[in-house]
Amino acid sequence: MSWGTDLWDQFENLDKHSQWGIDFLERYAKFVKERLEIEQTYAKQLRSLVKKYCPKRSKDDEPRFTSCLSFYSILNELNDYSGQREVVAEEMGHKVYGELMRYSQDLKAERKHHLQEGRKTQQYLDQCWKHMDNSKKKFERECKEAEKSQLIYERLDSDINATKSEVEKAKSQLYLRQHMAEESKNEYAAQLQNFNSEQWKHFNVAIPQIFKNLQDMDERRTVKLGEMYRSFAEVERRVIPIISKCLEGMVTAAKNVDERRDSGIVVESFKSGFEPPGDFPFEDFSQNIQRTGSDGTIGTPKTEGGKADPKHAVGRTKNKLWLFGKKPKAPTLEDLSHLPPEQRRKKLQQRIDELNKELQKEMDQRDALNKMKDVYEKNPQMGDPGSLQPKISETICNMEKLRSEIHKNESWLAEVEGKHGSRSERRSSADVNHHAPHGRESPEGSYTDDHSQEHRSPPQPDPHEFDDEFDDDDPLPAIGHCKALYSFDGTKTAPCLKGSRNAVSKFDITFLKAPMKARW
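Mapped onto UniProt numbering, the consecutive letters of the sequence shown carry residue numbers 1 to 520.
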């Protein structure tokens, strides 16, 4: 089907249709623009979301739990995903929307040209018709005038009263009108022939060609729309492999979540290194009750060495209860002694590793400067060796400072590791002594409740005595025991306890409020 032959008389409708086609193309271009704006907004919101949930962190705040690492991996993949949405928006803007708008401008110019050609052809045909019509009207008018002159001549020629001159004059006028009518007829015939010729060209050559051009233009517009539809989908399809990788990365991150490893990290992060506290000793408040022969002894277990001081028992543990409650706030110290032993050891080890790395950098820089100095000494034209000496001296000074820091931290680390090992050993020994049976014991060690056995060795010591005064270290094993002969309220220190820490560790004394005989 051809518009030039089938629609030869539909110029106005083709004008409207071609305009509708361009409008539809621009409507689709507007749709693409709004779509890419949605993609841009979506990508921007995704990036803002990632930035919101992935804030900047210091090195110490880096996540270690697998659940956190997986979540941040998902955020990274989502960030890459948002980048692909930006690519989609950019490609749509460049390859679809931009191309549509350029093509729309070209179509408008081409349509305008074709329509102008059609109108010019129509105007020329109208002009030919006008000339033909004018010649026709003139020929008609001249024929009427000739007929009128002929009637006048015939009337005068038959009138006997008309003079000869009047008849001749009427005859001359008749000849003139007939001649003019003949000329008008010839002109009309020529104009008619010309019009018919131009009209045939108009409807068989000019208009079909113009309409064919309009048809080609419209078909190319339709093809372009199909290509843009395909490009619209291709833009999305090209990023699908990368988006799939992003989604696969999210799935891999989910598989990397390890609950056992996270539990181990919790232990590693919060393990204090302290030993669990031992059992509280039994405090015998029945020591002041008068025993009689009839009622026997009080049937409650007796604490070795007499009644324990309740103030001392509380004081022994008051500085360690934070392990099971709210930890008291402590200022940050250089030796990290405010931290629990295990955490202190890890922090010190981490600090030593970092210092060693810095020291290695300084050593590498020193070696490089020395090599450069040797090159300058061998080739003075390359540089002055003396210019490098200040930098070498500065590097050596930095190395010495770093070595000093490393030595200091290693000393603290050795102190922590030594205390941790000795505490474990002493705790094992203390547990054995603490769980010894009450009452009558073996003849090598202690006394019994029987007065006949009071001359034997004193009771085993409580390893937690004086923890309120020296709560940073566990007491050393006692080497002697005694009982006071006088009343003592526990508020003063016995003379033998004054002095250094070693003096305290050599005795294990139990004070009783009631007067008792000394048992040596």
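Yeah, the Cβ is synthetic: ideal placement off N, Cα and C, and Gly gets one too.
When DSSP states are grouped into helix, strand and coil, N134 belongs to the helix group. Going by DSSP, E198 is part of the alpha helix (DSSP H) stretching over K164 to K201. In this structure, the CA atom of A368 is about 33 Å from the CA atom of W412. For R57, no alpha helix (DSSP H) run applies, since DSSP gives it neither H nor E. Counting along the chain, the unbroken alpha helix (DSSP H) around R260 starts and ends at E259 to F270.
With 16 or more neighbouring CB atoms inside 10 Å of its own CB, M228 falls in the buried class.
Taking a 10 Å sphere around the C-beta of E362, we find 16 or more other C-beta atoms and assign the residue as buried. Residues of the same chain with a CB within less than 8 Å of the CB of D218, apart from the 5 flanking positions on each side, are H17, S18 and G21 in chain order. Under the DSSP assignment, T66 falls in the alpha helix (DSSP H) whose first and last residues are T66 to E91. In terms of Cα proximity to I406, the closest of S387, E358, L115 and Q193 is E358. Inter-segment contact for the region 110 to 117 and the region 182 to 202 is absent: fewer than three beta-carbon pairs are separated by less than 8 Å. Rounded to whole angstroms, the separation of the alpha carbons of I265 and E410 is 24 Å. Buried is the label assigned to K373, since at least 16 other Cβ atoms lie within 10 Å of its Cβ.
By the criterion of a C-beta distance shorter than 8 Å, L7 is surrounded in its chain by N13, L14 and F211, once the five residues flanking it on both sides are discounted. In this structure Y97 is in contact with K33, their Cβ atoms being roughly 5 Å apart against a cut-off of 8 Å. Residue state for N370 is assigned as helix, using DSSP reduced to three classes. It is roughly 11 Å from the alpha-carbon of E145 to the alpha-carbon of Y175. Taken atom to atom, the span from the alpha-carbon of K138 to that of T5 is near 35 Å.
In the structure shown, S149 falls within a helical segment according to DSSP collapsed to helix, strand and coil.
The Cβ-Cβ distance between A206 and G118 falls below 9 Å. Here S172 is not near C143, since their CB atoms are 9 Å or more apart.
Q287 has its alpha-carbon roughly 15 Å from the corresponding atom of P281. Distance from the Cα of T66 is smallest, within the candidate group D126, P331, R35 and D262, for D262.
Taking every protein chain shown into account, the CB of P208 has 16 or more other CB atoms within 10 angstroms, so this residue is buried. Approximately 6 Å separates the beta-carbon atoms of I243 and Y81; this is inside 8 Å, confirming the contact. Here Q40 is not near E91, since their CB atoms are 9 Å or more apart. In the structure shown, V223 adopts helical secondary structure according to DSSP, grouped into three states.
Within the model, the alpha-carbon separation for E417 versus D335 is close to 14 Å. The continuous stretches of alpha helix (DSSP H) do not include M382, and DSSP gives it neither H nor E. Of the other Cβ atoms in all chains shown, fewer than 16 fall within 10 Å of the Cβ of Y53; this residue is therefore exposed. Around the CB of K346, 16 or more other CB atoms lie within 10 Å, so the residue is classed as buried.
Shown here, N161 sits in coil according to DSSP, grouped into three states, outside any helix or strand. The beta-carbon separation of R366 and M399, rounded to 7 Å, stays under the 8 Å limit for a contact.
Secondary structure at W8: coil, using DSSP grouped into helix, strand and coil.
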